[in-house]
Each structure stands twice: as structure tokens, then as C-alpha cells.
Amino acid sequence: MTLADLPLGPLERALVDSLQRLDPAASPVVLASAALLCIALDKGDVCLPLARLAGQRPWPEHAFNLPKLADWQAQLHASPLVGADGDFTPLILEHGRLYLARYQAYERHLATQLLQRAADLPEVDEAQLSESLTRLFAFNQQQPDWQRLAAAQAVRRKLAVISGGPGTGKTTTVVRLLAALLEQRGGHPSGCANLAIGLAAPTGKAAARMAEAIRNAKAALPVSEAIKTALPDEARTLHRLLGSRGDSPQVRHHAANPLALDVLVVDEASMVDLALMAKLLDALPPTARLILLGDKDQLCAVEAGAVFAELCEGRGFDAQAAADLQRITGQPVPVSAPASQLGDAVVLLTHSHRFAGDSGIGELARRINGGDVSGTLNLLKEGRSDLAWNAEPTPADLLDRLDQGYTPYMAAAKSADAAAAFAAFNSFRTLTAQREGPWGVAGINEALEARIKRRSQVASRERWYVGRPVMVRQNDYALGLFNGDIGICLHTEYGLRVFFEGEDGFRPFAPARLPSHDSAFAMTVHKSQGSEFAEVLLVLPEQPSPLLSRSLFYTGITRAKQKVEIWGLPARLGEAVGTRAERAAGLALRLAVSPIVTMPAPSAIDGSSQFALF
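Using the UniProt record's numbering, the letters of the sequence shown correspond one by one to residues 1 to 614.
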């Protein structure tokens, strides 16, 4: 049995070949470890925990066994390809976790940056802050008012992490905390601090939504016109903010060329992977404030890491922090010793303004997050008005249901009114767990489009027809279209045009001008993050799938504002609720009250450091 016999993909094979060139005498165990690490990274893990696979057969169809843990670690330590923290080697072994050197540097650097920022407490006019918060959050009656507490912490600290589910008021909180921050005056005659505030999000769609929400919230703020004017109303993608350079890991802004910002607000932070978050912290001036908004229970980033979820671990307020907050806000603050050094920088919004106390969707979300399989299935059997479940789905029945669900939309599309078409399309949406197969995006879109074309007498070979919805797959800054943007094909006096929502109405494009795109009657739950629809039909795969997890199920059902309909076998629902998707990483341990000891982080991680090769 040789390493060449193992079923390695192109990426794993390329890494193994590179390591063999560096060390022709590298042992099969070391090379196999690197291949397994590459596979783990592709699945979203940051590192390979040796204890997870020690003594096992990682490729069941091949007779290759990994050593026991102690022997495995000894073989890795003996290899010149593997070093400890701070060594210049392609692989790093640290506390039983094997990293590619680049990712170990990202994680270590990010932890250092976060802890330094969290420890830097700015000067605050507490009397002014108390008055601002009382006025800005007077509409909230719940005790404690977590929105007010989150705003207070964001003003009092250089780092704030605010997590909350749909409808908990994250945008409301951030626009009011920015107003409170501007009202700290800072000695400026205009009556507000002269702050450079940036808004950013992982995707163009999320950035546009964030900017629109803040623009809409400005008018109702009980603040002066000077404060309203100072509030930002434009947002950028994180890649554009940092100045990404195509496929290169390098970015234009880093520690040596920092962003010209005093405050940065990042929405949908749960979608930000480890590498991007590390580069963002590196590019942010040490004096700047960072405010991260997200939902810790949502799906993690597509790339490696679950940074936002790890930041939310170990949150809590010690007695001193609770007393300070209660003095400033007048709110009761529960005391719980934080297990993370970020502790009181993290605030969880718990009151949902979207889902009432008797909401079936809200209760379903709670049971899913609690891992309550029997409770979830029993709730779906109750016949709640906002919940429906088809426990015996068939492809034919699903096609009929989708045809019925999109009938109002297709009628609206024929009217050639873009506003009416988008309103109808957002009233019903199909989400899936996977892309391929009859229960995936590709199968559903293909089958539904074939039926629509037959009914509309459109040739099967024709790609474009009235009512075709599309999703953009890549950013096109020249056109102002971004990955995840939804367009609808409508008839105009100039022929078929694809309309996209914009700040000033709807923008039409000739179909031939569009960047890479797919039909979008169905979309994956991953692609739906940050979106909201009146009704959602969530399709789960017929066969067991590694994609099924608690976070995917929760994210899918909470895209619905009024009703969610689930098509899936009881076994698949049980697997989704019972599976907590955990990514192997060490960030939470580095931030723990008793953290692991690491070397000082390198000063640059923009791709030009010594770790850029791996």
C-alpha cells in the first residue's frame, strides 16, 4: 500500500507533491496527514485535530491506518515539514492540532488583534451616553433591554460583537448606537464627533440591504440633523473595502496601509471566514472601533472557520461590568462569569420583534437550536397556521406544489411591472440543502423551468423567457451587480430585459450583459442568508447528507416572515436537528480566560508574510 494508491483529489495531490519536493524522505504518515488536513480545510475546518482520527482508517476502502495519537504526534514532530508555533515550516503542530502555516498564522494573529482591541477602553462621557441611550431606546419596554445594553457596550469598548436571530433588531441597534457614539461630541462645535464610519458586509447583496436599512432608519431617530447627516448610508463588500487583488491572497489595505476609518460596522459577520476576518483586523487601525453583527446560530462561512460563533462562546458579564452597565443604562444586568476574555464585549439580542410569543416559526427555531428532535417533530404535527410539513414528499408532488406556489409570481411577471414582479417573487421562495439531484437546486430549477416553458410555448433550448429569475454568481463592479443578486426577466419595448433592484428603483440589463448566473426558482440555504421572504418552502434531501445540520435547518426556516413549509422525511428532519455542525478550530481556545500560550503574532498577514506559500 503506497500513498499513490490513496483516493486523493487534485488539491490534496498537489499539496503532497509540493511537500515531497521539499522533503523527498517525508514519511507516508506525514504526507497523508497533510492530505487529510487539506480535506478538512475544504470542509470548513481550520485545522486537523489529531485525536479525531488517531488509530483510524481515514479512507475506509483502503488499508491505510493512522498511528495511535502519541505515535502520530511523534512522527509529525520528527519531520522537518512540521514545526511548532513560530517556526518557518509548511505545517504547524500545536496542542494536538495540525495546521497549514498560513491558517495557524491567521488564527493566532486574529486572536491577538481581538484581545488588544478589547482591552483598549476609550474615554466615554457617561452622562451623555446615559441620556442618549434613554432617548434613543425609549420605545423598548422589555427588561433588560438588550438592544440598549449592546449599544452601551459598543460605545464603551473598541470591540463589540452583537448576535441575534431574525427580527431581534440588529440594524435598529446599530443605527442608534452609532447615533449615541456621534453624540459623544468629541469637542467638535457641530455637536457631534467627527468620525469616519464605514459599513461593510461579506456580499454585495448584504451590503446593499444594510445601507438601505440604515437610510430608512435615519428619519425616525430622535437626534439632531447634524447627527443624521453624519450617519453613513453607503456600504461596501469586505473584499472591496480591503482592496482584494483577484485570486491573490494579498489585499491593498493591511497594517502598513490601514483603512482610514474610526468605526467599522460589519453586518452578516457569521458569513466571514477566518482568513478574511484576520485580514480585516490587520487592516483596521488600532484606534478604530469594530462592531460585528450576526447570528451565531446561522450557517458558518463557506470557507474555513466559524469565527463569529467562536467569538460568541464564553460570553458573560462579571460583577463589575454588570454594575457599570446598570449605572449607565438603568437596566438590570444578569451576572455570569465569562469564560472568554472577550466576555462582556459580546451581547446576545434575545427579544424577537418579528416572531410573537405564539409564533410557530419562533418556537420551531428554539427547538431546533436546542437539539430537541422529538419536540421539533411534535410541533410540526400540531398544525400551526405558520407551519406546514409534508412528511412523504415525492418529486412529482413537489413540482406541482412549486408550480402552484409560483403562479402569482408568473402572473405578475407577465404584467411587465418590475415592482409587482419582485414583490410577488419575494412572497414565496424555495430553499434547498444541496445543489444537485432531484431535491437540489439544479433538479428543481430544471424541472420547473421545463414545465413553465411548455406552458408558455417557449422552445426548450431558449434560455430566456418572461419570468425567468436568475441569481448572479460573481461580482461585476462595472455593472454594479454582485454575487447573490437576484434579477427577473421581463418584457419591455426593447425586448427581454433582466431587472435588478437598486437604490433608485429597478435597473434593466440586456441578458447578454449579465455576469455568470443561474436560474433561481430554488436556491440553497447558504445563498439565502440575510434574505427574508413572506413564505418559504424548505426542501430536504431524500437520502442522508453531510450537509444536513441544525444550523442549516435553523437558517432555512428563519428566512420566512409569515409561514414555512417543510418537505422532508422524518428521518432527515431528525438528522438535521440532531447534528450540530462543529468546525475544528482553535480561536475560542486562544480567547479563553485560560488561553493557550502562543508566540507573538507576525506583523503582517496580507499574503506577503513567510506563511504565504502554504
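Cβ atoms here follow ideal geometry from the backbone N, Cα and C, with glycine treated the same way.
Predicted model, so just to flag it, every value in this text is computed and none were measured.
For my contact list, Gly294 and Asp273 are in at a C-beta cut-off of 8 Å; report their separation, rounded to the angstrom.
Looking up residue 294 in the sequence shown gives position 294. Looking up residue 273 in the sequence shown gives position 273. Contact between Gly294 and Asp273 does not hold, since the beta-carbon distance rounds to 13 Å and is not under 8 Å.
Measuring alpha carbon to alpha carbon, tell me which of Leu264, Ala256, Leu136, Lys158 ends up nearest Ser224.
By 1-based counting over the sequence shown, the position of residue 224 is 224. The closest CA to that of Ser224, considering only Leu264, Ala256, Leu136, Lys158, is found on Leu136.
What did DSSP end up calling Leu508 once you bin it into helix, strand or coil?
By 1-based counting over the sequence shown, the position of residue 508 is 508. As written in the sequence, residue 508 is Pro, which differs from the Leu given in the question. When DSSP states are grouped into helix, strand and coil, Pro508 belongs to the strand group.
Smallest Cα separation from Pro508: which of Ala520, Ile488, Arg384?
Mapped onto the sequence shown, residue 508 falls at position 508. Between Pro508 and the set Ala520, Ile488, Arg384, the nearest pair of CA atoms involves Ile488.
Can you give me the Cβ contacts of Val251 inside the same chain, cut-off strictly under 6 Å, excluding the 5 residues immediately before and after it?
Counting from one through the sequence shown, the residue named residue 251 turns up at place 251. So the qualifying residues of the chain are Leu242, Gly243, Ser244, Lys279, Asp606.
Of the choices Glu94, Gln341, His253, whose alpha-carbon is the least far from that of Arg117?
In the sequence shown, counting from the first residue as 1, residue 117 sits at position 117. Checked all of Glu94, Gln341, His253; the closest Cα to Arg117 is Gln341.
Give me whichever residues DSSP pairs with Asp476 in a beta bridge.
The residue labelled residue 476 in the question sits at position 476 within the sequence shown. Answer by DSSP bridge pairing, in chain order: Leu481.
In whole angstroms, what separates the C-alpha of Pro28 from that of Thr203?
Along the sequence shown, read from residue 1 onward, the residue named residue 28 stands at position 28. Along the sequence shown, read from residue 1 onward, the residue named residue 203 stands at position 203. Answer to the nearest angstrom: the Cα atoms are 41 Å apart.
Does DSSP put Ser130 in a helix, in a strand, or in coil?
Locating residue 130 in the sequence shown gives position 130, where the first residue counts as 1. Here Ser130 sits in helix by DSSP.
On the DSSP bridge list, what partners appear for His517?
Stepping through the sequence shown from its first residue, residue 517 is reached at position 517. Looking at the DSSP output, His517 bridges to Val472.
Can you tell me where the alpha helix (DSSP H) with Asn390 in it begins and where it stops?
Mapped onto the sequence shown, residue 390 falls at position 390. Membership of Asn390 in any alpha helix (DSSP H) is not indicated; the residue belongs instead to the beta strand (DSSP E) covering 387–390.
Considering just the uninterrupted stretch of the beta strand (DSSP E) at Glu225, what are its terminal residues?
The residue given as residue 225 occupies position 225 in the sequence shown. Here Glu225 belongs to no beta strand (DSSP E); instead the alpha helix (DSSP H) covers 225–230.
Three or more beta-carbon pairs under 8 Å between the region 447–454 and the region 527–539, yes or no?
Taking 8 Å as the limit for Cβ pairs, the verdict is that the region 527–539 does not touch the region 447–454.
Whose C-alpha, out of Ala365, Thr237, Phe482, is nearest the C-alpha of Asp297?
Indexing the sequence shown from 1 puts residue 297 at position 297. Selected option, being the one with the closest Cα: Ala365.
In the region 405–477, which residue ranges form an unbroken alpha helix (DSSP H) of at least 4 residues, counting only runs that do not cross its ends?
Fully enclosed alpha helix (DSSP H) runs of 4 or longer: 407–414, 418–425, 441–456.
Going along the chain, which unbroken runs of the beta strand (DSSP E) with 3 or more residues stay wholly within the region 284–364?
DSSP runs (the beta strand (DSSP E)) wholly in the region 284–364: 289–294, 346–349.
Just to check my reading of the structure: Leu264 and Ala200 have Cβ atoms closer than 8 Å, yes? What is that Cβ distance to the nearest angstrom?
In the sequence shown, counting from the first residue as 1, residue 264 sits at position 264. In the sequence shown, counting from the first residue as 1, residue 200 sits at position 200. Right, the Cβ-Cβ distance comes to about 7 Å (below 8 Å), so this counts as a contact.
In chain order, what are the residue ranges of uninterrupted beta strand (DSSP E) at least 3 long that sit wholly in the UniProt domain "RecBCD enzyme subunit RecD N-terminal" (8–99)?
List check, beta strand (DSSP E) in window: 91–94.
What three-state label does DSSP hand Gln529 in the structure shown?
One-based indexing of the sequence shown puts residue 529 at position 529. Coil, per DSSP.
So what's Arg497 in DSSP terms, helix, strand or just coil?
Within the sequence shown, numbered from 1, the residue matching residue 497 stands at position 497. If DSSP states are grouped into helix, strand and coil, Arg497 belongs with the strands.
Buried or exposed: where does residue 644 fall if 16 or more other Cβ atoms within 10 Å of its Cβ makes it buried?
Residue 644 lies beyond the stretch modelled for the chain, which goes from 1 to 614, so this question has no answer here.
Where Leu540 sits in the DSSP three-state scheme:
Numbered from its first residue, the sequence shown carries residue 540 at position 540. If DSSP states are grouped into helix, strand and coil, Leu540 belongs with coil.
Are there 16 or more other CB atoms within 10 angstroms of the CB of Arg97, so buried, or fewer, so exposed?
Your numbering for residue 97 matches position 97 in the sequence shown. Under this definition Arg97 is a buried residue.
Close beta carbons around His491, own chain, < 6 Å, minus the five adjacent residues each side
For the purposes of this step, residue 491 is identified with residue 491 of the sequence shown, where counting begins at 1. Closer than 6 Å at Cβ, skipping near neighbours: Ala416, Val466.
With Thr112 as the anchor, note down where its alpha helix (DSSP H) starts and where it stops.
The residue labelled residue 112 in the question sits at position 112 within the sequence shown. Thr112 -> alpha helix (DSSP H) spans 101–119.
The alpha helix (DSSP H) with His239 in it runs from where to where?
Counting from 1 along the sequence shown, the entry for residue 239 is found at position 239. Taken as a continuous stretch (DSSP letters only), the alpha helix (DSSP H) holding His239 covers 238–242.
Can you check DSSP and say which residues form a bridge with Val577?
Position 577 of the sequence shown, counting from 1, holds the residue named residue 577. Paired residues: none, contrary to the question.
So does the region 574–587 actually touch the region 306–320, counting three or more Cβ pairs closer than 8 Å?
Yes, the region 574–587 is in contact with the region 306–320.
Range covered by the alpha helix (DSSP H) that runs through residue 616:
The question about residue 616 has no answer here: the residues shown for the chain are numbered 1 through 614.
Backbone secondary structure at Thr168 - three-state DSSP:
Counting from 1 along the sequence shown, the entry for residue 168 is found at position 168. Annotated three-state conformation of Thr168 is coil, per DSSP.
Between the CA atoms of Phe88 and Lys170 - distance to the nearest angstrom
Counting from one through the sequence shown, the residue named residue 170 turns up at place 170. Counting from one through the sequence shown, the residue named residue 88 turns up at place 88. Taking the straight line joining both Cα atoms gives about 42 Å.
Within the same chain, show all residues whose beta-carbon is closer than 7 Å to that of Ala180, passing over the 5 residues directly before and after it, in chain order.
Here residue 180 refers to the residue found at position 180 when the sequence shown is read from its first residue. Around Ala180, the same chain offers Leu129, Ser132, Leu133, Leu136, Ala151, Val155 as residues with beta carbons nearer than 7 Å, after the five sequence neighbours per side are excluded.
Label Asn194 either buried or exposed according to how many other C-beta atoms from any shown protein chain fall within 10 Å of its C-beta, with 16 as the threshold for buried.
The residue you call residue 194 lines up with position 194 of the sequence shown. The residue in question, Asn194, is exposed, as its Cβ has fewer than 16 Cβ neighbours within 10 Å.
For the structure I just gave you, are there three or more beta carbon pairs, one from the region 282–291 and one from the region 218–236, closer than 8 Å?
Touching, no, given that fewer than three Cβ pairs across the two stretches are closer than 8 Å.
Beta-carbon spacing of Leu182, Ile214 below 7 Å
The sequence position of residue 182 within the sequence shown is 182, counting from 1. The sequence position of residue 214 within the sequence shown is 214, counting from 1. Taking 7 Å as the cut-off, the Cβ atoms of Leu182 and Ile214 do not count as close.
Looking only at C-alpha atoms, which of Glu268, Asn390, Leu591 sits nearest to Thr555?
Indexing the sequence shown from 1 puts residue 555 at position 555. Selection Glu268, Asn390, Leu591 evaluated against Thr555 yields Glu268 as nearest (Cα-Cα).
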